[in-house]
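Novice:
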Amino acid sequence: MPSKTPKKYEVAIADDHRLVAESLSHLINEIPGFEVTLVAANGQVLLDGLAKQTNPPDIIILDINMPVMNGVQAAKELSARFPLIRLLALSMNDDETSVIQMIRSGCRGYLLKDCTQSELHRALTEILERGFYYSDYVTGKLIHTIHKEEKQPLPSVKLSEREMEFIKHAASELTYKEIAISMGLSERTIDGYREALFEKLQVKSRVGLVLYAIRLGWVKADPHQPMP
Numbered sequence: 001m002p003s004k005t006p007k008k009y010e011v012a013i014a015d016d017h018r019l020v021a022e023s024l025s026h027l028i029n030e031i032p033g034f035e036v037t038l039v040a041a042n043g044q045v046l047l048d049g050l051a052k053q054t055n056p057p058d059i060i061i062l063d064i065n066m067p068v069m070n071g072v073q074a075a076k077e078l079s080a081r082f083p084l085i086r087l088l089a090l091s092m093n094d095d096e097t098s099v100i101q102m103i104r105s106g107c108r109g110y111l112l113k114d115c116t117q118s119e120l121h122r123a124l125t126e127i128l129e130r131g132f133y134y135s136d137y138v139t140g141k142l143i144h145t146i147h148k149e150e151k152q153p154l155p156s157v158k159l160s161e162r163e164m165e166f167i168k169h170a171a172s173e174l175t176y177k178e179i180a181i182s183m184g185l186s187e188r189t190i191d192g193y194r195e196a197l198f199e200k201l202q203v204k205s206r207v208g209l210v211l212y213a214i215r216l217g218w219v220k221a222d223p224h225q226p227m228p
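Those letters in the sequence shown? Residues 1 to 228, per UniProt numbering, in order.
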């Protein structure tokens, strides 16, 4: 009997830069076990394309800045319609706000566009096997201990009501200055809250703080859901 062809994991890409999308598609198709089945210029084109497919892809790679429907909007819509599809953000943006937006919109991974093919391969594999992937930039410079392992115990800490309030504001798109105004505090006091929480929770940045809060259910992954 002829041997069965090994299953290939299907990948869809949404990126408004055609050359980038085509190059990315070529790189993925060269990786054993993966195949690009849909390339779209924005989130809306992606959703329209998915509606025509019999089987949804295993992974969707989303750029952030796209016309018509950007990556954040697309991630929210995809998370609602296709909760089993793994979403991976791929962007030139390495700022904390972009990472937070995509994670809270449903992405289980964040990769920078200057990554190598080997890192792309690792990201696709870990998204499937572990359910999440964050690039060396995110894990090394932003997250520290969060998401190293889902079973890894978190530090036992007791937070004040004001610290919890700060965390919920930090999970929004407000700047630290705007958080200070919202909480009726000085920027210096807000800086104190931030540094104290980084130390207590063993994180290095606002992204790490938000991931920690999402993991414990202090804030919702979807910013449109009510805060606990």
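Backbone N, C-alpha and C fix where the C-beta goes; we use that ideal spot for every residue, glycine too. Small disclaimer: the values here were computed from a predicted structure and weren't measured.
Which of the three DSSP states, helix, strand or coil, is assigned to Glu-150?
Specialist: Along the sequence shown, read from residue 1 onward, the residue named residue 150 stands at position 150. For Glu-150, the predicted model reports a pLDDT of 43, less than 50, meaning its position is unreliable; a value from the coordinates is still stated below. Coil, per DSSP.
Novice: Give the DSSP bridge partners of Ile-60, in chain order.
Specialist: Counting from 1 along the sequence shown, the entry for residue 60 is found at position 60. Per DSSP, Ala-12, Leu-87.
Novice: Going by Cα to Cα distance, which pick from Gln-117, Arg-215, Val-203, Ala-40 is closest to Asn-29?
Specialist: Against the sequence shown, residue 29 aligns to sequence position 29. The shortest Cα separation from Asn-29 among Gln-117, Arg-215, Val-203, Ala-40 belongs to Gln-117.
Novice: Is it true that the CB of Arg-108 sits closer than 8 Å to the CB of Arg-86?
Specialist: Translated into positions along the sequence shown, residue 86 becomes position 86. Translated into positions along the sequence shown, residue 108 becomes position 108. Yes; because the gap between Cβ atoms is below 8 Å, this pair is in contact.
Novice: Which runs of the alpha helix (DSSP H) at least 4 residues long sit entirely within the UniProt domain "HTH luxR-type" (150 to 217)? Give them in chain order.
Specialist: You should have 161 to 170, 176 to 183, 187 to 201, 206 to 215.
Novice: Quick one: what does DSSP say His-35 is sitting in, helix, strand or coil?
Specialist: For the purposes of this step, residue 35 is identified with residue 35 of the sequence shown, where counting begins at 1. For the record, residue 35 in the displayed sequence is Glu; it is not His. Strand.
Novice: For a test of the three-state rule: what should DSSP assign to Ala-41, helix, strand or coil?
Specialist: Here the question's residue 41 lines up with position 41 in the sequence shown. In this structure, Ala-41 counts as coil in the three-state DSSP scheme.
Novice: Beta carbon of Ser-182, beta carbon of Leu-174: below 8 Å?
Specialist: By 1-based counting over the sequence shown, the position of residue 182 is 182. By 1-based counting over the sequence shown, the position of residue 174 is 174. Yes, the Cβ-Cβ distance between Ser-182 and Leu-174 is below 8 Å.
Novice: Does the structure place the stretch 53 to 73 close enough to the stretch 161 to 177 that three or more beta carbon pairs sit under 8 Å?
Specialist: Segments in contact, no.
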